[in-house]
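Novice: What follows is a single structure, and I will ask about it in a moment.
2 protein chains.
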Amino acid sequence: LIVGAGDDAAVIAAPDRRVVAATDLLIEGRHFRREWSGGYDIGAKAAARNLIDVAAMGARPTALLIGMAVPGDLPASWALDLVKGLVAECQAAGAVVAGGDTSGSETIMLGVTALGELGGAEPVTRGGARPGDLVALAGAVGSAAAGLALLAAGASDRGSASGSASGSGSGSDRGAAAPAGDHPGLAELIAAHRRPRPPYQAGPQAAAAGATAMIDISDGLIADLGHVARASGVRIQLATGPLTAGPAVHATALAAAADTVGASWLDWVLTGGDDHALAATFPAGTPLPPPWTVIGEVVPGSGVTVDGVPWSGAGGWQHFSVSS
Amino acid sequence: LIVGAGDDAAVIAAPDRRVVAATDLLIEGRHFRREWSGGYDIGAKAAARNLIDVAAMGARPTALLIGMAVPGDLPASWALDLVKGLVAECQAAGAVVAGGDTSGSETIMLGVTALGELGGAEPVTRGGARPGDLVALAGAVGSAAAGLALLAAGASDRGSASGSASGSGSGSDRGAAAPAGDHPGLAELIAAHRRPRPPYQAGPQAAAAGATAMIDISDGLIADLGHVARASGVRIQLATGPLTAGPAVHATALAAAADTVGASWLDWVLTGGDDHALAATFPAGTPLPPPWTVIGEVVPGSGVTVDGVPWSGAGGWQHFSVSS
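Protein sequence lines correspond, in order, to chains S and H.
Numbers 33 to 356, taken from my numbering, label the letters of the first sequence in order.
Numbers 33 to 356, taken from my numbering, label the letters of the second sequence in order.
Laid out in structure tokens, this is it:
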């Protein structure tokens, strides 16, 4: 950071003469609810969504710019928690808050832009997957969607946004206090919804290991693998065996959550996007650094198959329903 | 632009290993009104606000990232005009649209981030003004504020946003069609409100000429010179004679507008910010390239004086009222 907040613009180092940039709007009622998450978690999540987009190009996040619009009657402690969450997630990703802008509005709105640097590596786009490549995953899938379903089913009564009002500023631990249900894993799922833990370092790691394509899982695993398949002109064959047995899927907790709310936990795994995992393709035989885990392969064709069955490709978690 | 829209993030060239970045939120009802401006002008203005912030550091704008949230019932032609306006203003500033993100919302919201490159020059902050420096201005002041006052006084009946509905896509000329009042300059003032014309090139020009401090006039001339005075630890003496006689002030049109709405035109000049002019300080004796015009000088002390009278410094156009 060469010039920080307080001037007309920030100046940020771009050591290899390129800058990676991603932007996003988050709107109260659309992307978050104050009754389900405190300011700290919402700030952390807003930062995470953009920082992982930068990592998904193979870059190291360096800086975050924030436009923030809040109602005049928003409690100052809530706004302060929001900023704390943004700053904390920046630090978790190795980046800094470089600047921003504030204004008034009826509901809370955040415009977040993340910048990053490639460290001399080539950017990893969605379009480079080739037949024969491995498909691998880093980070969790399904946890945040399960946490949201638990909250929607009424699990928000305890361990919810009230934790933020206490001013602790460490909202990410709140979900663990008193979750609904008996299984201890349910608290972790709710925490995963409130504050995702994207695998930032796995992005540059994949680029260094020779990843041919990469994407942030934000629309859901199937939908986002579909984006890679389309951009690369290939078919992706997903195998649920290694996927559900691997570290990305917290199967026991998901099964307990599915029992609690009467849903299919495989739905969450295949179509939930809010964990912000990374998926990437690598040439066959590439030794994958942890946490990267093989979940499928690239073949000629188009679209995505799940255990050999072609997927309709209709979209992400919002549009998809299947019985497991 | 190395990787453009359609991937997780854009990759933009940063030839001198630094990137300049500014961000802003624009919200319907707060920053613009659909009844006073068409989509094209609102898009152009949203881009202009951020691109000039980058130029105010001495940088050349290179790229724009856009987060856009619109209601589901927004006419597609309006949204298309908005994008056209964003793209056109980018081109006017020498930049490209590098990427973005769309979502739904109750009202229109734009999150705009501009990037730029310094071409090897040092960034020009607000904090470098020294006693003895000249104070100079590039671009218009007062015009947009006068245009807004005309619209608020009912001059919007003709030549208004209806021009956009016709699908012409060239909204910037609409104000000229049929303005309220008799003076032909009034149409230009309304056009200046709808689509400001910031002096992008004057930013890098000032940096090359040795500017010691620079700022975008967005809060109003007095308020923004006050920001420079505070950041630099100096007093700025503004002289209204050279200011109002110079190219920044369209005095005849402003006087006609003031007559029409019963306001003081000097108020608009001193406190109107929406033209997005640039103010900068230069070492005494610096030959200033046009359009830079001397409007004052830097002396020891604090705050801003206008023709020798200390200014209260209470703020920008929203809070200031004086009889002329």
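Ideal Cβ placement from N, Cα and C applies to all residues, glycine included.
All figures in this text were calculated on a predicted structure; none of them were measured in a lab.
Could you please give me the residues that DSSP links to Ser135/S through a beta bridge?
Specialist: The partner list for Ser135/S (beta bridge, DSSP) reads Ala101/S.
Novice: Does the Cβ of Glu67/H have 16 or more other Cβ atoms within 10 Å, making it buried, or fewer, making it exposed?
Specialist: That one is exposed.
Novice: Identify the continuous beta strand (DSSP E) that holds Ala262/H and give its terminal residues.
Specialist: Note on residue identity: the sequence assigns Arg, not Ala, to residue 262/H. Counting along the chain, Arg262/H falls outside any beta strand (DSSP E), though it belongs to the alpha helix (DSSP H) covering 253-264.
Novice: Can you give me the Cβ contacts of Leu182/S inside the same chain, cut-off strictly under 7 Å, excluding the 5 residues immediately before and after it?
Specialist: The residues are Ala212, Leu218, Leu221, Ile222, Ala289, Thr292, Val293.
Novice: Express the C-alpha separation of Ile249/S and Ala243/S in angstroms, rounding to a whole number.
Specialist: Taking the straight line joining both Cα atoms gives about 16 Å.
Novice: Go ahead and label Pro228/H buried or exposed: buried means 16 or more other beta carbons lie within 10 angstroms of its beta carbon, across all protein chains shown.
Specialist: Label assigned to Pro228/H: buried.
Novice: By Cβ distance below 6 Å, which residues in the same chain neighbour Glu60/H in space, the five residues on each side in sequence not counted?
Specialist: Thr139, Ile140.
Novice: Start and end of the alpha helix (DSSP H) containing Thr272/S?
Specialist: First-last of the alpha helix (DSSP H) with Thr272/S: 272-277.
Novice: I need the straight-line Cα distance from Thr337/S to Arg267/S, nearest angstrom please.
Specialist: If I take the Cα positions, the gap works out to 8 Å.
Novice: Between His63/S, Gly278/S, Ser264/S, Pro93/S, which has its C-alpha nearest Leu169/S's C-alpha?
Specialist: Of His63/S, Gly278/S, Ser264/S, Pro93/S, the residue nearest in Cα terms is Gly278/S.
Novice: Which residues, in chain order, does the region 34-49 of chain H contribute to contact with chain S at a C-beta distance below 9 Å?
Specialist: Here the close residues are Ile34, Val35, Gly38, Asp39, Asp40, Ala41, Ala42, Val43, Ile44, Ala45, Ala46, Pro47, Asp48, Arg49.
Novice: Would a check of beta-carbon distances place Asp133/S closer than 8 Å to chain H?
Specialist: Judged by the 8 Å Cβ criterion, Asp133/S is in contact with chain H.
Novice: Strictly below 8 Å CB to CB, what residues from chain H border Asp85/S?
Specialist: Within 8 Å Cβ-Cβ: Asp40, Ala41.
Novice: So Leu118/H packs on Ala88/H, CB below 8 Å; how close in whole Å?
Specialist: Actually they do not touch by this definition, with Cβ atoms about 20 Å apart.
Novice: Return no unless some Cβ of chain S is closer than 8 Å to the Cβ of Gly348/H.
Specialist: At Gly348/H the pLDDT is 40, less than 50, meaning the model places this residue with poor confidence and gives no usable figure here.
Novice: Are the region 143-154 of chain H and the region 300-317 of chain H touching by the rule of at least three beta carbon pairs closer than 8 Å?
Specialist: Output reads no: the region 300-317 of chain H does not touch the region 143-154 of chain H.
Novice: Just by C-beta distance, which residues in the region 141-160 of chain S are closer than 7 Å to chain C?
Specialist: Here the protein chains are S and H, and chain C is not one of them.
Novice: Using the rule of at least 16 other Cβ atoms within 10 Å of the residue's Cβ for burial, across every protein chain shown, is Gly203/H buried or exposed?
Specialist: In this prediction, Gly203/H has a pLDDT of 39, which is less than 50 and means its spatial position is unreliable; what the coordinates show is noted afterwards. Per the 10 Å Cβ criterion, buried.
Novice: Given a threshold of 16 other Cβ atoms within 10 Å of its Cβ, counted over all protein chains shown, does Gly373/S qualify as buried or as exposed?
Specialist: With chain S covering 33 to 356 only, the question about residue 373/S has no answer from this structure.
Novice: In or out: Asp339/S buried (at least 16 other Cβ within 10 Å) or exposed?
Specialist: So Asp339/S ends up on the exposed side.
Novice: On the CB-based measure, 16 or more other CB atoms within 10 Å of its CB, does Gly70/S come out buried or exposed?
Specialist: That one is buried.
Novice: Cβ of Arg49/S within 7 Å of any heavy atom in the ligand MG?
Specialist: The model on display carries no ligand, and the ligand MG is accordingly not part of it.
Novice: Out of Val260/S, Ala285/S, Ala283/S, which has the shortest C-alpha to C-alpha gap to Gly333/S?
Specialist: When only C-alpha atoms are compared, the closest one is Val260/S.
Novice: Do three or more CB pairs link the region 125-135 of chain S to the region 94-104 of chain S at distances below 8 Å?
Specialist: Counting Cβ pairs under 8 Å, three or more are found: they touch.
Novice: Between Val52/S and Ala41/H, is the Cβ-Cβ spacing less than 8 Å?
Specialist: Yes. Within cutoff.
Novice: Beta carbons nearer than 7 Å to chain H: which residues of the region 159-180 of chain S have them?
Specialist: Those would be none; no residue qualifies.
Novice: Could you tell me which of Leu114/S, Thr313/S, Val330/S, Phe314/S sits nearest to Leu142/S, measuring between CA atoms?
Specialist: Leu142/S has its Cα closest to that of Leu114/S, out of Leu114/S, Thr313/S, Val330/S, Phe314/S.
Novice: Tell me the rounded alpha-carbon separation between Leu270/H and Glu329/H.
Specialist: Roughly 7 Å separates the two Cα atoms.
Novice: Between Gly252/H, Leu112/H, Tyr72/H, Ala234/H, which has its C-alpha nearest Pro323/H's C-alpha?
Specialist: Looking at the Cα atoms, Ala234/H is the closest of the given residues.
Novice: Could you tell me whether the Cβ atoms of Val167/H and Ala311/H are closer together than 8 Å?
Specialist: Closer than 8 Å, so yes.
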